[in-house]
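J.:
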Amino acid sequence: MIRVVFFLSFTLLLHAIEYKSDITSKYISYDSFANESAMLGSTKLKFDNALFTTNVSVEYFYSSEYKERRYLLLNELYLRKDFEDYSFTFGKSVRYFGEMEGFNIADIYNQKNYILDSFDKSAKLGSWGFFGSKYFGDESLEIGLKFYEEDQKYPTDKTPYTSFSMEYDETLQLSDKRATPTLMLIYSFVSDKLIQTQNKIILLHGYDNKRYFLPLKQNTIAQYAYQVNKYLLLSNAVYKETIFKLESSYTDVLRDTNMGDYAQLSFGAEKIFYDFDGADIGLYSEYYRYIYLQNSLKNVAISELYDNDAFVAVKLSLNDVHSSEIKGGILYDLHNHEEVYKVEVKSRVVDGFILNAEFLRILPKANTLFSAVGESTRCTFSLTYNF
490 MIRVVFFLSF TLLLHAIEYK SDITSKYISY DSFANESAML GSTKLKFDNA
540 LFTTNVSVEY FYSSEYKERR YLLLNELYLR KDFEDYSFTF GKSVRYFGEM
590 EGFNIADIYN QKNYILDSFD KSAKLGSWGF FGSKYFGDES LEIGLKFYEE
640 DQKYPTDKTP YTSFSMEYDE TLQLSDKRAT PTLMLIYSFV SDKLIQTQNK
690 IILLHGYDNK RYFLPLKQNT IAQYAYQVNK YLLLSNAVYK ETIFKLESSY
740 TDVLRDTNMG DYAQLSFGAE KIFYDFDGAD IGLYSEYYRY IYLQNSLKNV
790 AISELYDNDA FVAVKLSLND VHSSEIKGGI LYDLHNHEEV YKVEVKSRVV
840 DGFILNAEFL RILPKANTLF SAVGESTRCT FSLTYNF
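Counted the way my numbering counts, the sequence shown spans residues 490 to 876.
1. Mind pulling the beta strand (DSSP E) runs of 3 or more residues that sit fully within the region 590 to 631?
2. Could you spell out where the beta strand (DSSP E) holding Q687 opens and where it closes?
3. Leaving out the 5 sequence neighbours to the left and right, which residues in its chain are closer than 8 Å to G841 when beta-carbon positions are compared?
4. How far does the beta strand (DSSP E) with L723 in it extend, from its first residue to its last?
5. According to DSSP, simplified to helix, strand and coil, what is R667?
6. What number of angstroms, rounded off, separates the C-alpha of T648 from the C-alpha of K515?
7. Just how far apart, CA to CA, sit F733 and L529?
8. Exposed or buried, which one is N725 when buried takes at least 16 other CB atoms within 10 Å?
9. From this set, T686, Q707, M655, T542, which residue's C-alpha is nearest D571's C-alpha?
10. Can you check DSSP and say which residues form a bridge with R778?
11. Who are the near neighbours of V829 in its chain, counting only those whose CB is closer than 6 Å to its CB and skipping five residues on each side?
12. My assumption, with CB atoms under 8 Å, is that R569 sits in contact with N544. Please give the rounded CB distance.
13. Whole-angstrom Cβ separation of K613 and F592, contact assumed at under 8 Å?
14. Report the residue from S616, Y508, Y720 whose alpha carbon sits nearest the alpha carbon of L754.
15. I believe G587 touches L722 by the beta-carbon criterion, under 8 Å. Please report the beta-carbon distance rounded to the nearest angstrom.
16. For D574, which residues in the same chain have their Cβ closer than 6 Å to its Cβ, ignoring the five residues on either side in sequence?
17. Classify I684 as buried or exposed, calling it buried when 16 or more other Cβ atoms lie within 10 Å of its own Cβ.
18. What ranges does the beta strand (DSSP E) occupy inside the region 795 to 854, keeping only unbroken runs of at least 3 residues that lie completely in it?
19. So, is F499 buried or exposed, given that buried needs 16 or more other C-beta atoms within 10 angstroms?
20. Going by DSSP, what residues sit across from A768 in a beta bridge?
21. Looking only at its chain, what residues have a beta carbon closer than 6 Å to the beta carbon of D796, apart from the 5 residues adjacent to it on each side?
22. Is there contact between the region 631 to 643 and the region 668 to 675, where contact requires at least three CB pairs shorter than 8 Å?
23. Report buried or exposed for E659, applying the criterion of at least 16 other Cβ atoms within 10 angstroms of its Cβ.
24. From E548 to K533, what distance separates their C-alpha atoms?
25. Along the beta strand (DSSP E) that carries M528, what are the first and last residues, could you check?
26. Exposed or buried, which one is K520 when buried takes at least 16 other CB atoms within 10 Å?
27. Is it buried or exposed, V679, if we count other Cβ atoms within 10 angstroms and call 16 or more buried?
28. For I517, I'd like the list of residues in its chain whose CB is within less than 7 Å of its CB, leaving aside the five on either flank, ordered along the chain.
29. Pop quiz: D697 and Y713 are said to be a contact at Cβ under 8 Å. What is the actual Cβ separation, rounded to whole angstroms?
30. For T686 and F620, I'd like the C-alpha separation in whole angstroms.
31. Would you tell me roughly how many angstroms separate the C-alpha atoms of E759 and G817, rounded to the nearest one?
Here you go:
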């Protein structure tokens, strides 16, 4: 860490720097836990020299109530070099795959930051790796390499964010060495047959981004990482101003007796109505499905919400001087009848300041992912300053 700070300080002295920061004051009210005040934020730095561009992202969180929700994290530190038809990235980075609003099957590179918020899909932990891309007009071919697997922290039963009724051992259990690399090959292309589609094919060999949980010892569970061959197809098409989306995958599990092969499928549609009485209205509908190909998987918790679920959401953009937005969504488990409701209101009060309010309601069933938390309600109010 000292070397990283020295390197950044030395570079800043030599080169002009671009930076973007935000700081948020947040108040969170729970119906069955102590209310929480929090301060969080991030700083992103970017600076160039003759050889490459350096990108740095630092995130922090401080909770008034829960000690494990206090951290300072160097989430990204990577070098990037762009040529006319090539680009190369090396270091710790966050990457996004997929375009679904609720959940992305194709988000296979980073682990989620559950300490921050399990319902925020942008809350990710940076991973160390390398990416090299070659561009051919509307097509591109990318090779990715993740260097190793990291431990993942989960909230305990003393916080409102827990998913477990047992103690959690943070030491990751692996089917091979921790530093066994994961290789990805990503091909992106456009097809003009019938209607125009944007497509992505991803092949992965190595550790799956999904992990499962099994008892490690009495009253203690641990997280297990396993190796796979994974095949993914992503596609979206525009037809009469409606966007149709597809994400699918097949996972061939290698040398793990607890896990069986499985497939995942999600599809949805997005429709935007512009200038509807001065506002824009976006409608979203999505469906997610696991397909169990072997019985062994059914006996292992894979800690996913999106097993046989439907997601419906609406977004209202008021197009006012404050860029105000209202978003609401429902996630409904068609098998367990578990329900999650979320409403978010956002508005820019003055330049640089954004006011945000959020309502989250969880209605779980017995022996499901949220049964450890139980029926719960969370209301959040925050003020963010961007500079």
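C-beta atoms are modelled at their ideal positions from N, C-alpha and C, and glycine is treated no differently.
T.: Looking at the atomic coordinates:
1. 616 to 625
2. Looking up residue 687 in the sequence shown gives position 198. Here the beta strand (DSSP E) through Q687 covers 686 to 706.
3. Position 352 of the sequence shown, counted from the start, is the residue given in the question as residue 841. Closer than 8 Å at the Cβ level, and outside the excluded window around G841, lie Y874, N875, F876.
4. Taking the first residue of the sequence shown as position 1, residue 723 is located at position 234. Looking at the DSSP string, the run of the beta strand (DSSP E) that includes L723 is 709 to 728.
5. Translated into positions along the sequence shown, residue 667 becomes position 178. Coil at R667, not helix or strand.
6. The sequence position of residue 648 within the sequence shown is 159, counting from 1. The sequence position of residue 515 within the sequence shown is 26, counting from 1. Roughly 17 Å between the two C-alpha positions.
7. The count along the sequence shown starts at 1 and reaches residue 733 at position 244. The count along the sequence shown starts at 1 and reaches residue 529 at position 40. Looking at the two C-alpha atoms, the distance is approximately 36 Å.
8. As a working mapping, residue 725 is identified with position 236 in the sequence shown. When all chains shown are included, N725 counts as buried.
9. Along the sequence shown, read from residue 1 onward, the residue named residue 571 stands at position 82. That would be T542, whose Cα lies nearest to the Cα of D571.
10. Taking the first residue of the sequence shown as position 1, residue 778 is located at position 289. DSSP output for R778 lists L754, N797 as bridge partner(s).
11. Numbered from its first residue, the sequence shown carries residue 829 at position 340. Counting only Cβ-Cβ distances below 6 Å, and skipping sequence neighbours, we find L820, I851.
12. By 1-based counting over the sequence shown, the position of residue 569 is 80. By 1-based counting over the sequence shown, the position of residue 544 is 55. That pair is a contact at about 6 Å.
13. Sequence index remark: in the sequence shown, residue 613 carries index 124 (1-based). Sequence index remark: in the sequence shown, residue 592 carries index 103 (1-based). So it is not a contact: roughly 13 Å between Cβ atoms.
14. Within the sequence shown, numbered from 1, the residue matching residue 754 stands at position 265. Closest option to L754, Cα to Cα, is Y720.
15. Within the sequence shown, residue 587 is the residue found at index 98, counting from 1. Within the sequence shown, residue 722 is the residue found at index 233, counting from 1. In fact, because the Cβ distance is near 11 Å, the residues do not count as touching under 8 Å.
16. The residue given as residue 574 occupies position 85 in the sequence shown. Excluding positions up to five away in sequence, the list reads Y624.
17. Position 195 of the sequence shown, counting from 1, holds the residue named residue 684. Counting Cβ neighbours within 10 Å, I684 comes out exposed, since fewer than 16 surround it.
18. 797 to 806, 814 to 822, 828 to 839, 842 to 852
19. Within the sequence shown, residue 499 is the residue found at index 10, counting from 1. Confidence at F499 is low in this model, with a pLDDT of 49, below 50, so the placement of that residue is unreliable and no value is reported for it.
20. As a working note, residue 768 is residue 279 in the sequence shown. Its beta-bridge partners are F765.
21. Here the question's residue 796 lines up with position 307 in the sequence shown. For D796, where only same-chain residues beyond five positions count, the Cβ hits under 6 Å are Y779.
22. yes
23. As a first step, residue 659 must be located in the sequence shown, where it is residue number 170. It is exposed - the Cβ of E659 has fewer than 16 other Cβ atoms within 10 Å.
24. As a working note, residue 548 is residue 59 in the sequence shown. As a working note, residue 533 is residue 44 in the sequence shown. The alpha-carbon atoms of E548 and K533 are separated by roughly 9 Å.
25. To locate residue 528, count along the sequence shown from 1; it is residue 39. 525 to 537 is the extent of the beta strand (DSSP E) around M528.
26. Position 31 of the sequence shown holds residue 520. It is worth fixing the name first, because residue 520 is Asp in this sequence and not Lys. Its Cβ having fewer than 16 others within 10 Å, D520 is exposed.
27. Within the sequence shown, the letter at position 190 stands for residue 679. The residue is exposed, with fewer than 16 neighbouring Cβ atoms inside 10 Å.
28. The residue you call residue 517 lines up with position 28 of the sequence shown. The answer, listed in chain order, is N524, E525, A527, R867, T869.
29. Looking up residue 697 in the sequence shown gives position 208. Looking up residue 713 in the sequence shown gives position 224. Contact flag wrong, Cβ pair sits at about 10 Å.
30. Locating residue 686 in the sequence shown gives position 197, where the first residue counts as 1. Locating residue 620 in the sequence shown gives position 131, where the first residue counts as 1. The alpha-carbon atoms of T686 and F620 are separated by roughly 25 Å.
31. In the sequence shown, counting from the first residue as 1, residue 759 sits at position 270. In the sequence shown, counting from the first residue as 1, residue 817 sits at position 328. Near 14 Å, if we compare the C-alpha coordinates of G817 and E759.
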